[in-house]
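Working notes for the structure below.
Number of protein chains: 2
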Amino acid sequence: MTDQPRYKQIKDHIIHHIRSGEWPADSQIPSENELLKELGVSRMTVNRAVRELTAEGVLRRVQGLGTFVAGPQPASVLLELRNIADDIRERGNTHSTEIIMKETIQASKDQAQTFYISEGDELFHTILLHKENDLPLQLEDRLVNPKTAPDYLECDFTETTPNAYLVATNPADEVEHLVEAQLPSTETSSHLQMKNGEPCLLLNRRTWSSGQVVSVAKLYHPGNRYSLGAHFHSRKEAVDF
Amino acid sequence: MTDQPRYKQIKDHIIHHIRSGEWPADSQIPSENELLKELGVSRMTVNRAVRELTAEGVLRRVQGLGTFVAGPQPASVLLELRNIADDIRERGNTHSTEIIMKETIQASKDQAQTFYISEGDELFHTILLHKENDLPLQLEDRLVNPKTAPDYLECDFTETTPNAYLVATNPADEVEHLVEAQLPSTETSSHLQMKNGEPCLLLNRRTWSSGQVVSVAKLYHPGNRYSLGAHFHSRKEAVDF
DNA sequence: AAATCTTACTTGTATATACAACCTACAAAA
DNA sequence: TTTTGTAGGTTGTATATACAAGTAAGATTT
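These protein sequence lines are chains A and B, in that order.
Count the first sequence with the working numbering and you get residues 165 to 405, in order.
Count the second sequence with the working numbering and you get residues 165 to 405, in order.
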């Protein structure tokens, strides 16, 4: 262990006090002035340490009031979900889309509920097959709220993915995910060219823009050809095992 | 829009040059000295702007060389992975553990590779079954590096989960995930009390502590009883659909 | 030709100082 | 009682300055 810079030592000092339970969640920690006296450094150095811990979500500061421990980090670890077209292109392969369905439907009771609209209201429905070098990799079964994307069906999905189109038209700011393992229907299975009995990885994704549900998508992936992965570094808090 | 602080203006200035294509990915941007002359601020202010953009992954700095544009951010979205015992307890149910296997093995070639150790080195191996109100929910097949957790096998896993034990003994700071859908082996299937042909959600988790691999775990979940979920708010960047 | 030193530039850190902005509590005035 | 002012703490920002540490390229020596 080489010599660490002062501001880093201060960060570790603070984290240590938090982890040891000495400074519990939501408690106020010493002010910058107290810390600099205790540690014998300049205020700017203390400030940098505290500012960085605040940016990392460890602390919470209120101007004029003080600095507080920012409650327990959710004991969790983050998994990165990529969008498939970028993923394929970054592997140097070509991405293509086959349009299987494109229609306007009337919302069922369940669908109305997930969109927070009324039963019978119109919804756009598309089913697309995404391929990597002509090998099916994802079946995208998507519902879109016409109120937020009225021209959705007119988009040429062989050119622009629904994701790209929606990102461009609606600045999405909230998203919900559910990942599950399922046995695909025979139709889904045949589209994805999967062997019989082979499971698929289903990613349910619901996206909001300014409080309204824009789109709900079921993304089916062949279990043997696709997996979600992530490598996550953390320099601030402990992660799970 | 109220008056923004200088360092924030500089950040926006830099981001604007990147977004406009003027400063493409991997290109070198002006040095701190050039920027402070151009913008009429002190070096510390430029330094703060550039340092924060570096922490945010927008720039990349090399001491003695310069500052470079750090390529496009992966257009991704984050999925939160909870640890199972907390999850169960938060639902108000009781969590119990059944110990199926507890042994010391010698690392195979593959295992040695994932741990960055030598073939034949010792590894701890445990297989535990986690239950929610006596219903099996997760089969945990875990390998642990004795060098980082020598007393692992002596832990009473009916009292303390391996996760809790390892979190307490090793401050983990890095983790890798792979989520896939699989047909379970007949053994796994029977432990989890799953119907025939039912797929399971497999979460592969590898965890590091100060550069060393501490543990590799395969977490099997019945596809019909378990799913990974997350609701994610973003106030900074657009998310995928 | 090869190895070494030097120089000039870069980023990284640390300090002392200053003032602005904000919050709370208490005192003073209406 | 209600409002207003004020004092003393807090964090937020900005500057000037200094030196350490790393890189690259050229000059110098071997």
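Glycine included, each C-beta is placed from N, C-alpha and C at the ideal position.
Bear in mind that the values here come from a model prediction, so they are computed numbers and not experimental data.
Could you check whether residue j and residue i sit closer than 7 Å to each other, using their CB atoms as the reference points?
i	j	result
His294(A)	Gln302(A)	yes
Val339(B)	Phe279(B)	no
Ala234(A)	Lys175(A)	no
Thr268(B)	Glu283(B)	no
Phe321(B)	Thr371(B)	no
Asn368(A)	Leu342(A)	yes
Arg170(A)	Thr231(A)	no
Ser391(A)	Glu344(B)	yes
Asp404(B)	Asn334(A)	no
Ile291(A)	Met265(A)	yes
Ala336(B)	Ser373(B)	yes
If residue i and residue j are in contact, beta carbons under 8 Å, what's the gap, nearest whole angstrom?
i	j	result
Ser379(B)	Leu307(B)	7 Å
Leu347(B)	Pro363(B)	6 Å
His259(B)	Ala271(B)	Rounded, the Cβ-Cβ distance is 31 Å, inconsistent with contact.
Glu196(B)	Arg207(B)	6 Å
Pro300(A)	Leu356(A)	5 Å
Glu304(A)	Pro326(A)	7 Å
Gly361(B)	Gly361(A)	6 Å
Ile179(B)	Ile193(B)	In fact, because the Cβ distance is near 11 Å, the residues do not count as touching under 8 Å.
Exercise for the section: Report the residue ranges of all beta strand (DSSP E) runs contained in full by the stretch 243-308 of chain A; include only those spanning at least 3 residues, in chain order. Expected result: Listed in chain order, the beta strand (DSSP E) runs fully inside the stretch 243-308 of chain A are 259-270, 286-296 and 299-308, counting runs of at least 3 residues.
Problem - Residues of the stretch 307-333 of chain B with Cβ closer than 8 Å to any Cβ of chain A, in chain order - result: Pro326, Asn327, Leu330 and Val331
Handout entry: Inter-stretch contact (C-beta, 8 Å, three-pair minimum) for the stretch 245-255 of chain B and the stretch 215-223 of chain B
Key = no
Handout entry: Length at least 3, wholly inside the stretch 335-398 of chain B: the beta strand (DSSP E) runs in chain order
Key = 338-346, 364-373, 376-386 and 392-397
Exercise for the section: Take every Cβ of the stretch 169-189 of chain B, pair it with every Cβ of the stretch 381-390 of chain A, and state whether three or more of those distances are shorter than 8 Å. Expected result: no
Exercise for the section: Check distances from the C-beta atoms of the stretch 335-347 of chain A to those of chain B and list, in chain order, the residues that come in under 7 Å. Expected result: For the stretch 335-347 of chain A, which is checked against every Cβ of chain B, the residues closer than 7 Å are Pro335, Ala336, Asp337, Glu338, Val339, Glu340, His341, Leu342, Val343, Glu344, Ala345, Gln346 and Leu347.
Exercise for the section: Let me know the beta strand (DSSP E) ranges lying completely inside the stretch 166-239 of chain B, each 3 residues or longer, listed in chain order. Expected result: 223-226 and 230-233
Practice task
Check distances from the C-beta atoms of the stretch 282-298 of chain B to those of chain A and list, in chain order, the residues that come in under 7 Å.
Solution key: none
Exercise for the section: May I ask you to list, following chain order, the residues of the stretch 374-395 of chain A that have a beta carbon less than 9 Å from some beta carbon of chain B? Expected result: Val378, Ser379, Ala381, His385, Pro386, Gly387, Asn388, Tyr390, Ser391, Leu392, Gly393, Ala394 and His395
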